[in-house]
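Note sheet for the following structure.
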Amino acid sequence: MNCHSPEAAVGSPSEFFDPEYRLARPGSTLRLIMRKPVIAGNWKMYKLLSEAVNTALALKPLVANANHCEVIIAPVFTELKTVADRLEGSNIKIAAQDCAAESAHGAHTGEVAADMLKDVGCRYVVVGHSERRQLYGETDQSVNRKVNSALAAGLTPIVCVGEMLEQREAGVVESVVKTQLSGGLAGLTRADVERIIIAYEPVWAIGTGKTATPQQAQEMHGVIRRAAAESHGEEVANSLRILYGGSVKPDNIATLMDQPDVDGALVGGASLEAETFAKIVNYK
Ligand code: 13P
11 MNCHSPEAAV
21 GSPSEFFDPE
31 YRLARPGSTL
41 RLIMRKPVIA
51 GNWKMYKLLS
61 EAVNTALALK
71 PLVANANHCE
81 VIIAPVFTEL
91 KTVADRLEGS
101 NIKIAAQDCA
111 AESAHGAHTG
121 EVAADMLKDV
131 GCRYVVVGHS
141 ERRQLYGETD
151 QSVNRKVNSA
161 LAAGLTPIVC
171 VGEMLEQREA
181 GVVESVVKTQ
191 LSGGLAGLTR
201 ADVERIIIAY
211 EPVWAIGTGK
221 TATPQQAQEM
231 HGVIRRAAAE
241 SHGEEVANSL
251 RILYGGSVKP
261 DNIATLMDQP
271 DVDGALVGGA
281 SLEAETFAKI
291 VNYK
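Note that this note's numbering has the sequence shown beginning at 11, numbered continuously upward.
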């Protein structure tokens, strides 16, 4: 079931009360909307093809019973097709780590169009990761174009936002993240936003071992959900899945997932090893 589609709210009673789905805004007078958690592993620029295949195949049986969440891995471009083929029929879905801003095929050396990613078995694409923003000149405008390209190709964009340490220390976290959101999601319709996933990844927590506290994560996820409610309506905001990323490990995933607005995790370092990532997937 695609839980961020409007149909998710009108499923059969057993589907509707499936305890594996998170209840959005308990007590809300709006119709109930469930958000299925997502645990995604971003492999960044790690692993040769054989290593990627071995990790994926090792992961497969370890997460085979994880029906409580969507399980996603994001290998590098050159490994997507092989890993997708080897995982066919499993519950592990494939994401790319980026896509071209342009939808139309053409003279864009080095770029990979969103429909090419779909074509080799991707279902998701990470867009606007802080490493791309910091190292490769990604802007809210290019993020916005990539989100549109991904949606047009039928991929689910996982749109990353998050502040740097100086911004947190300067007390401008909310405005930084709201600007990233309004820029990245500019012009999207409600139906578009129902199809995306947001990842809140504070830059100071990425690869540092310094996880945001569950309270810090909840606070920012709440900010993001309220911003989505203001821009696209409460119903869309209630169905929006917001993942936390930044030093997620087996020993901190459960407390993060306890937060009402944390709908999953985007995991870097701890996703590279099958056993460790499986522990995060199987957090409950
Ligand atoms: P770490 O889990 O290694 O901190 O990385 C987080 C991240 O950047 C996921 O996209």
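Glycine included, each C-beta is placed from N, C-alpha and C at the ideal position.
Output needed for Ile263: all residues of its chain with C-beta closer than 7 angstroms, excluding positions within five of it in sequence on either side, in chain order. To locate residue 263, count along the sequence shown from 1; it is residue 253. Excluding residues within five positions, the ones whose Cβ falls inside 7 angstroms are Ala275, Ile290 and Tyr293.
Between which residues of its own chain and Arg133 is the CB-CB distance below 6 angstroms, once the five residues before and five after are set aside? Locating residue 133 in the sequence shown gives position 123, counting from the first residue. Apart from sequence neighbours up to five positions away, the residues of its chain that approach Arg133 with a beta-carbon distance below 6 angstroms are Lys103, ordered along the chain.
Between Val213 and Val171, what straight-line distance do the alpha-carbon atoms span, to the nearest angstrom? For the purposes of this step, residue 213 is identified with residue 203 of the sequence shown, where counting begins at 1. For the purposes of this step, residue 171 is identified with residue 161 of the sequence shown, where counting begins at 1. The alpha-carbon atoms of Val213 and Val171 are separated by roughly 9 angstroms.
Does the distance from the CB of Ala284 to the CB of Ala68 come in under 9 angstroms? Position 274 of the sequence shown, counting from 1, holds the residue named residue 284. Position 58 of the sequence shown, counting from 1, holds the residue named residue 68. Cβ atoms of Ala284 and Ala68: closer than 9 angstroms.
Member of Ala162, Ile206 and Thr189 whose CA lies at the smallest distance from the CA of Gln151: As a first step, residue 151 must be located in the sequence shown, where it is residue number 141. If we check each option's Cα against that of Gln151, Thr189 comes out closest.
How is the alpha helix (DSSP H) around Val157 delimited, first residue to last? For this step, residue 157 is matched to residue 147 along the sequence shown. It spans Asp150 to Ala163 - the alpha helix (DSSP H) in which Val157 sits, taken as one unbroken run.
Range covered by the alpha helix (DSSP H) that runs through Lys289: Position 279 of the sequence shown holds residue 289. Unbroken alpha helix (DSSP H) run through Lys289: Ala284 to Val291.
Under 7 angstroms Cβ to Cβ from Ala288, same chain only, skipping five residues before and after it: list those, please. In the sequence shown, the residue the question calls residue 288 occupies position 278. Leu69, Leu72 and Val73, listed in sequence order.
Any heavy atom of the ligand 13P closer than 8 angstroms to the beta-carbon of Ile208? In the sequence shown, counting from the first residue as 1, residue 208 sits at position 198. Flag unset: Cβ of Ile208 not near the ligand 13P.
Using a Cβ-based criterion (distance less than 8 angstroms to any ligand heavy atom), does Leu276 qualify as near the ligand 13P? Here residue 276 refers to the residue found at position 266 of the sequence shown. Yes - the ligand 13P has a heavy atom lying nearer than 8 angstroms to the Cβ of Leu276.
Is the beta carbon of Ile216 within less than 8 angstroms of some heavy atom of the ligand 13P? Here residue 216 refers to the residue found at position 206 of the sequence shown. At least one heavy atom of the ligand 13P is nearer than 8 angstroms to the Cβ of Ile216, so yes.
Where DSSP assigns a beta bridge to Leu253, which residues make up the other side? The sequence position of residue 253 within the sequence shown is 243, counting from 1. DSSP lists Ala209 as partners of Leu253.
For the alpha helix (DSSP H) that contains Lys188, what are its first and last residues? Counted from its first residue, the sequence shown places residue 188 at position 178. Counted as a single uninterrupted DSSP element, the alpha helix (DSSP H) harbouring Lys188 occupies residues Val183 to Gly194.
Taking the Cβ atom as the reference point for each residue, do Leu195 and Ser241 lie within a distance shorter than 9 angstroms? Translated into positions along the sequence shown, residue 195 becomes position 185. Translated into positions along the sequence shown, residue 241 becomes position 231. A contact, by the Cβ cut-off of 9 angstroms.
Excluding sequence positions up to five away, which residues of its chain have a Cβ less than 6 angstroms from the Cβ of Gly37? Sequence index remark: in the sequence shown, residue 37 carries index 27 (1-based). Residue placement at Gly37 is flagged as unreliable, the pLDDT there being 49, under the threshold of 50; the coordinate-derived value follows with that caveat. So no residue of the chain qualifies.
Tell me whether Asn158 counts as near the ligand 13P, meaning its Cβ is closer than 8 angstroms to at least one heavy atom of that ligand. The residue given as residue 158 occupies position 148 in the sequence shown. Using a cutoff of 8 angstroms, the CB of Asn158 does not count as near the ligand 13P, since none of the ligand's heavy atoms is closer than that.
Alpha-carbon spacing of Thr223 relative to Ala114, whole angstroms: Numbered from 1 along the sequence shown, position 213 holds the residue referred to as residue 223. Numbered from 1 along the sequence shown, position 104 holds the residue referred to as residue 114. For Thr223 and Ala114, the distance between alpha carbons rounds to 42 angstroms.
Could you check the C-alpha separation between Gly116 and Ser140 for me, to the nearest Å? Here residue 116 is taken as the residue at index 106 of the sequence shown, counted from 1. Here residue 140 is taken as the residue at index 130 of the sequence shown, counted from 1. For Gly116 and Ser140, the distance between alpha carbons rounds to 27 angstroms.
I'd like to know whether the C-beta atoms of Glu98 and Ala50 end up nearer to each other than 9 angstroms. To locate residue 98, count along the sequence shown from 1; it is residue 88. To locate residue 50, count along the sequence shown from 1; it is residue 40. No.
Tell me whether Gly278 is buried or exposed, calling it buried when 16 or more other Cβ atoms sit within 10 Å of its Cβ. Within the sequence shown, residue 278 is the residue found at index 268, counting from 1. A residue is called buried once 16 or more other Cβ atoms fall within 10 Å of its Cβ, and Gly278 is buried on that count.
Below 8 angstroms, is the gap between the Cβ of Glu80 and the nearest heavy atom of the ligand 13P? Locating residue 80 in the sequence shown gives position 70, where the first residue counts as 1. No.
By the three-class DSSP mapping on this structure, what secondary structure does Ala106 have? As a working note, residue 106 is residue 96 in the sequence shown. DSSP places Ala106 in the strand class (E or B) of the three-state scheme.
For Gly255 and His118, I'd like the C-alpha separation in whole angstroms. Along the sequence shown, one-based indexing puts residue 255 at 245. Along the sequence shown, one-based indexing puts residue 118 at 108. For Gly255 and His118, the distance between alpha carbons rounds to 31 angstroms.
Leaving out five residues before and five after Leu165 in sequence, what residues of the same chain have Cβ atoms less than 7 angstroms from its Cβ? As a first step, residue 165 is located in the sequence shown; it is residue number 155 there, counting from the start. Here the set comprises Ala124, Leu127, Lys128, Cys132, Arg133, Tyr134 and Val135.
Start and end residues, beta strand (DSSP E) containing Thr166: As a working note, residue 166 is residue 156 in the sequence shown. It spans Thr166 to Val171 - the beta strand (DSSP E) in which Thr166 sits, taken as one unbroken run.
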